[in-house]
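*Asks:* With this note's numbering applied, the sequence shown corresponds to residues 752 to 1371, in that order.
A virtual CB, placed ideally from N, CA and C, is assigned to each residue, including glycine.
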Amino acid sequence: TIGRQQSSDDGSFVNRMKNGGRQIVIFYGSQTGTGEELAGRLAKDAHRYGLKALVVDPEEVEIDEFPRIAEIENSLVILCMATYGEGDPTDNAQQFHEYLQSGDHELQGIRYAVFGLGNKTYEHYNEVGIYFDKRLEELGAERVFELGMGDDDGNLEEDFMRWREAFWPAVAAKFGWEANETDGSERQYRLEIVEGDVAHFKGEVGRLGSFEKQRPPFDLKNPYLATIAINKELHASLSDRSCRHIEFDITGARVRYEAGDHAAVFPTNCSQLVEELGKLLNADMNVVFRLINTDEESSKKHPFPCPCSYRTALTHYVDITSPIKSHVLKALAEYATDEAEKQRLLLLSTASEEGLKEYGRYIQKERRSIIDVLREFPSCKPPIDHVLELLPKLQARYYSISSSPKTDPGRVAVTAVVLRYGIGDRLIKGVCTNYLADKLPSEDPAAAPKIPIFVRKSTVRLPHRTTTPVIMIGPGTGFAPFRGFIQERAHQKEQGKEIGPMILYFGCRHRDHDYIYQDELEKYVNDGVLTELHVAFSRHSQEQKVYVQHKLWENRQTTWDLMEQGAHIYVCGDARNMARDVQAMFIKIAMELGGKTEEEATKFIKELERQKRYQADVWS
Ligand code: FMN
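1) Hey, A1082 and L1028 are a contact pair by Cβ (cut 8 Å); roughly how many whole angstroms apart?
2) Comparing C-alpha positions only, which one of L1031, H996 and L1097 sits nearest to I1267?
3) Compute the Euclidean distance between the alpha carbons of G891 and T872, then round it to the nearest angstrom.
4) Secondary structure at E946, three-state DSSP: helix, strand or coil?
5) Under 8 Å, with one C-beta from each stretch per pair, do the segment 1138-1158 and the segment 1237-1250 reach the 3-pair mark?
6) Per DSSP, what kind of secondary structure is A980 in: helix, strand or coil?
7) Would you give the residue range spanned by the alpha helix (DSSP H) that E788 belongs to?
8) Hey, how far is the Cα of V807 from the Cα of D1368?
9) Measuring straight from C-alpha to C-alpha, what distance separates P920 and M1342?
10) With hydrogens ignored, establish whether the beta-carbon of W919 is closer than 7 Å to any heavy atom of the ligand FMN.
11) In terms of DSSP beta bridges, what is D902 paired with?
12) So what does DSSP say about G1173, is it helix, strand or coil?
13) Checking 8 Å against the spacing of the C-beta atoms, do K1144 and V1069 come in under that value?
14) Can you list the beta strand (DSSP E) stretches of 3 or more residues lying completely in the segment 1166-1237, in chain order?
15) Just to confirm, are I1237 and L1303 a CB contact at a threshold of 8 Å?
16) The ligand MN and D903: does any heavy atom of the ligand fall closer than 7 Å to the residue's C-beta?
17) So, I1204 versus Y1061, is the Cβ gap smaller than 8 Å?
18) Ignore the nearest five residues each way along the sequence and tell me which others in I1373's own chain have a CB closer than 6 Å to its CB.
19) Where does F918 sit, in a helix, a strand or coil, going by DSSP?
20) Within 10 angstroms of its Cβ, does H1078 collect 16 or more other Cβ (buried), or is it exposed?
21) Measuring only the C-alpha atoms, how far is T1384 from Y850?
22) On the premise that P1252 lies in contact with L1213, defined as a C-beta separation below 8 Å, what is that separation, rounded to the nearest angstrom?
23) Between W914 and the ligand FMN, is the CB less than 7 Å from at least one heavy atom?
24) Give the C-beta separation of A804 and I777 to the nearest angstrom, bearing in mind that I take them to be a contact with Cβ-Cβ under 8 Å.
25) What does a CB cutoff of less than 6 Å around D904 pick up in its chain, not counting 5 residues either side in sequence?
26) Rounded to the nearest angstrom, what separates Q1308 and E1271 at their Cα positions?
27) What is the C-beta distance between I1075 and I1001, in whole angstroms, given that I count them as a contact (C-beta under 8 Å)?
28) Using the beta-carbon count (16 or more within 10 Å), is G772 buried or exposed?
29) Looking at C-alpha atoms only, which residue of G838, L802 and V1322 is the closest neighbour of E824?
30) What are the partner residues of S1151, as DSSP defines its beta bridges?
31) Going by DSSP in three states, N1277 sits in which element: helix, strand or coil?
32) Spatial neighbours of E998 within its chain, please: CB distance less than 6 Å, with the 5 preceding and 5 following residues excluded, ordered by chain position.
33) What residue from D839, R799, G784 and Q846 has the CA that sits closest to V812's CA?
34) Following a CB-centred definition, is Q1094 positioned closer than 7 Å to any heavy atom of the ligand FMN?
35) Is it the case that the CB of H875 approaches a heavy atom of the ligand FMN more closely than 7 Å?
36) Out of A1034, H798, A1091 and F911, which has the shortest C-alpha to C-alpha gap to T933?
If you want it as structure tokens, here you go:
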């Protein structure tokens, strides 16, 4: 296999398709792995028709070659594209997106279908999927199946299953493909047990040994191992939730950031859950192994860093706590020796009305993971290596940085609510926040926890001029990036610079429970850095729930005056309701005080967005 890489394909994905006898190419635009996973599943589906598919990360190929796909007879392009931010493509699809935007490429002869991944709580729902679907047609390509759209706020897995269930028969009929005996559940990786004392991965993301010998620059493929400088509770003891202020020490790491950037954290799974899963699978957790792709042409040799021990794989590399995906349930069904269990697993993985309904309730809504399912289906004993092949990869989690390097360039702070709740007698715990919650600072370097992190640039920035007015709306942990902004302006003021008005709208449930950073905020008001602080308490009084948008309305005159003076507006936090309600309120203010019609006011806010004077950093 060594010669293969320098062989005839010379890095061209079209040549790779030709040489490998592949008719189907699947591109994915993915930030947190869902789109990539769906692409892989569609590639497996193709086996049912005796076809081979090439899965492509658009960032890793010469995208200019795209029109050449038409050279391959009866070829099909499938795109799995996620949407982010304000209708933006994922990082890895950026170039592809620009390529289609620029110039009039001739895409006659290319046949395609798009599945978009998005979330309805965002204003720009599935905009990237919609764009690719429309643009390819404009450029002359032929749509062979209607655009599918997955909603991560509802049940993306179900949306995908429905789409794909209709997609394959339709394209097969169109292309004249016939289904064969295989059902696409055959293994994609083969197991190789590694004996003896071989260097193996212990949780590194990229290079073997990178945790022992760290080398900048640090990024997604090469995170920095940061120690913890501070990890403290922000909620009062009266609160039934927990919110942590965590500062990572990055002294000497040459990791640079600016207020408004994001910090990514690679978590590890809870060791108790890891051991329980190992037991359920009857695995010897110390065994060191490799999973090797049976498709020698694939650019992805291993599903995750190999060789490693089973314990390392379950701890660092696969997601063992998310609701289990339907194709995993289907594979598990094969191993259930009890007929009733087998039938139930098959039902849960079938795209029939009953199957989808059961999946929606039992798996999605009640959040059952692989561990829950193996517990409740005791006759099902799959080999651990097959489970490792099927589970999604454990992903880094992104947080808005809640500090400014101006205050201390050696620190990166994040602010996170620890996700923990019960369903029946099961405790559901968010992987990363729970991982971080008990990582405490230590004087002893050998005992100090080390957390793999890196910084991702964001476009959310303070205005260049220090005098430009700033209006910030950030309830709950949505306040995080604004803490960095305020520190930044406080620093400028200390240096004797003139600083403009800075107004914060913060919201929480109760003054005595979850009013985070209260002391700091009041100090900034006293120091004249924060010119106004408005806090909305949603559960303080019985009669009325007060939210940030209500406070904004109370102060509409000042808000409008500042907007007229060129204020920059920032909205951060929950996308579900808050971001939308706040925007609606700005529209209302522009109508009331700016004398605009609803249409004009909406256009006005859109224009502010375009000029980056109205910026949102939201999540759900
Ligand atoms: N979905 C949308 O439809 N529109 C958006 O503007 C949007 N912005 C997002 C921003 C963030 C920070 C996150 C975490 C998700 C956003 N989503 C949005 C939802 C994602 O597109 C969706 O969760 C998708 O499944 C992610 O796919 P991936 O795992 O392949 O990256």
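*Replies:* Reading it off the structure:
1) Walking along the sequence shown from the start, residue 1082 turns up at place 331. Walking along the sequence shown from the start, residue 1028 turns up at place 277. About 16 Å; that fails the 8 Å criterion.
2) For the purposes of this step, residue 1267 is taken as residue 516 along the sequence shown, with counting starting at 1. When only C-alpha atoms are compared, the closest one is H996.
3) Within the sequence shown, residue 891 is the residue found at index 140, counting from 1. Within the sequence shown, residue 872 is the residue found at index 121, counting from 1. If you take the alpha carbons of G891 and T872, they lie about 32 Å apart.
4) Indexing the sequence shown from 1 puts residue 946 at position 195. E946: coil per DSSP, three-state reduction.
5) yes
6) Within the sequence shown, the letter at position 229 stands for residue 980. If DSSP states are grouped into helix, strand and coil, A980 belongs with the strands.
7) Counting from one through the sequence shown, the residue named residue 788 turns up at place 37. Element bounds for E788: T785 to A797.
8) As a position in the sequence shown, residue 807 is number 56, starting the count at 1. As a position in the sequence shown, residue 1368 is number 617, starting the count at 1. Their backbone Cα atoms lie some 29 Å apart in a straight line.
9) Locating residue 920 in the sequence shown gives position 169, where the first residue counts as 1. Locating residue 1342 in the sequence shown gives position 591, where the first residue counts as 1. Computed Cα separation, rounded: 51 Å.
10) Counting from 1 along the sequence shown, the entry for residue 919 is found at position 168. No; taking the cut-off as 7 Å, the Cβ of W919 has no heavy atom of the ligand FMN nearer than that.
11) The sequence position of residue 902 within the sequence shown is 151, counting from 1. According to DSSP, D902 bridges with G869.
12) Residue numbering aside, residue 1173 sits at position 422 when the sequence shown is read from its first letter. Looking at G1173 - three-state DSSP - the assignment turns out to be strand.
13) Stepping through the sequence shown from its first residue, residue 1144 is reached at position 393. Stepping through the sequence shown from its first residue, residue 1069 is reached at position 318. Cβ distance < 8 Å, so K1144 and V1069 count as in contact.
14) 1171-1174, 1177-1180, 1201-1207 and 1221-1224
15) Along the sequence shown, read from residue 1 onward, the residue named residue 1237 stands at position 486. Along the sequence shown, read from residue 1 onward, the residue named residue 1303 stands at position 552. No, these two residues do not count as a Cβ contact at 8 Å.
16) The ligand MN is not part of this structure, which contains only the ligand FMN.
17) As a working mapping, residue 1204 is identified with position 453 in the sequence shown. As a working mapping, residue 1061 is identified with position 310 in the sequence shown. No. Outside cutoff.
18) In the structure as shown, the chain begins at 752 and stops at 1371. Residue 1373 is therefore absent and cannot be evaluated.
19) Your numbering for residue 918 matches position 167 in the sequence shown. In this structure, F918 counts as helix in the three-state DSSP scheme.
20) Mapped onto the sequence shown, residue 1078 falls at position 327. By the 10 Å Cβ count, H1078 comes out buried.
21) The structure shown does not extend to residue 1384, since the chain is modelled only from 752 through 1371, so no value can be given for it.
22) Locating residue 1213 in the sequence shown gives position 462, where the first residue counts as 1. Locating residue 1252 in the sequence shown gives position 501, where the first residue counts as 1. That pair is no contact at about 13 Å.
23) Numbered from 1 along the sequence shown, position 163 holds the residue referred to as residue 914. False, no ligand heavy atom lies under 7 Å from that Cβ.
24) On the sequence shown, position 53 is the one that residue 804 refers to. On the sequence shown, position 26 is the one that residue 777 refers to. With 8 Å as the limit, A804 and I777 qualify as a contact, their Cβ atoms being about 6 Å apart.
25) The residue labelled residue 904 in the question sits at position 153 within the sequence shown. The answer, listed in chain order, is N870, K871 and T872.
26) The residue you call residue 1308 lines up with position 557 of the sequence shown. The residue you call residue 1271 lines up with position 520 of the sequence shown. Looking at the two C-alpha atoms, the distance is approximately 27 Å.
27) Working through the sequence shown from its first residue, we reach residue 1075 at position 324. Working through the sequence shown from its first residue, we reach residue 1001 at position 250. Incorrect: roughly 36 Å between the Cβ atoms, too far for contact.
28) Your numbering for residue 772 matches position 21 in the sequence shown. With fewer than 16 other Cβ atoms within 10 Å, it is exposed.
29) Along the sequence shown, one-based indexing puts residue 824 at 73. Per the Cα distances, L802.
30) Position 400 of the sequence shown holds residue 1151. DSSP output for S1151 lists H1013 as bridge partner(s).
31) The residue you call residue 1277 lines up with position 526 of the sequence shown. Helix at N1277.
32) For the purposes of this step, residue 998 is taken as residue 247 along the sequence shown, with counting starting at 1. The answer, listed in chain order, is A980, I981, R1162 and A1164.
33) By 1-based counting over the sequence shown, the position of residue 812 is 61. Comparing Cα positions, the closest option is Q846.
34) Taking the first residue of the sequence shown as position 1, residue 1094 is located at position 343. Outside the cutoff, so no.
35) To locate residue 875, count along the sequence shown from 1; it is residue 124. It does: the Cβ of H875 is within 7 Å (strictly closer) of some heavy atom of the ligand FMN.
36) Taking the sequence shown and counting its residues from 1, the one referred to as residue 933 is at position 182. Out of A1034, H798, A1091 and F911, H798 has the C-alpha closest to the C-alpha of T933.
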